[in-house]
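Novice: Sharing a structure, written as structure tokens. Questions coming.
Residue numbers (my numbering): 167 to 320.
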């Protein structure tokens, strides 16, 4: 995740308030997501149900202010000029264009700016944020691409 979809980030003044509040009340939590937002990450409702039932997936607990501030700071640092140019290791990036959580431009920026000479970006016309927890067809396509990349590199 290099760039969050702009529609999911609050206005700049709110981001500043969150960062300030994170210093004062780091363990306080953000307001909860709208009920239907959690499910937008999954292309298959069965995966959404499994995630909601998994005690290790905090679907009912929003992140703490400290975690939100750290996330926002990390995204900001990754988008600074030259930050991605230091990445020299081989990588495969997979991104579904319909992803409503992460902007496809972030993956494109990673691919374009990374110094690595062995890099690949796969953009999918269909799919969700969780490509490995998507419809069977989308999941299998992502697994095939990952498998082929690993076979070529290992």
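Where is the CB? At the ideal position from N, CA and C, for every residue including glycine. Since we're looking at a predicted model, the values are computed, not measured.
(1) In whole angstroms, what is the alpha-carbon distance linking residue 168 and residue 241?
(2) Please name the residue, chosen from 296, 276 and 281, that lies closest to residue 252 on a Cα-to-Cα basis.
(3) With a threshold of 6 Å on Cβ separation, who are the neighbours of residue 288 within its own chain once the five nearest residues in sequence on each side are excluded?
(4) Which full runs of the alpha helix (DSSP H) of 4+ residues lie inside the stretch 263 to 292, going along the chain?
(5) For residue 260, list the residues DSSP reports as bridge partners.
(6) Looking only at its chain, what residues have a beta carbon closer than 8 Å to the beta carbon of residue 184, apart from the 5 residues adjacent to it on each side?
(7) Could you tell me whether the stretch 293 to 310 touches the stretch 260 to 272, where touching means 3 or more Cβ pairs closer than 8 Å?
(8) Under the assumption that residue 171 contacts residue 269 (Cβ atoms under 8 Å), give the Cβ distance between them as a whole number of angstroms.
(9) Considering only residues of the stretch 215 to 251, which uninterrupted alpha helix (DSSP H) runs meet the minimum length of 4 residues and lie entirely inside it, listed in chain order?
(10) Where does the unbroken alpha helix (DSSP H) through residue 187 begin, and where does it stop?
(11) Tell me which same chain residues have a C-beta within less than 8 Å of the C-beta of residue 158, skipping the five on either side of it?
(12) Could you tell me the alpha carbon to alpha carbon distance between residue 220 and residue 203, rounded to whole angstroms?
Specialist: Reading it off the structure:
(1) 6 Å
(2) 281
(3) 260 and 311
(4) 270 to 279
(5) Paired residues: 288.
(6) 176, 196, 231, 234, 235 and 238
(7) yes
(8) 5 Å
(9) 231 to 244
(10) Its alpha helix (DSSP H) spans residues 178 to 190.
(11) No answer is possible for residue 158: the residues shown for the chain start at 167 and end at 320.
(12) 17 Å
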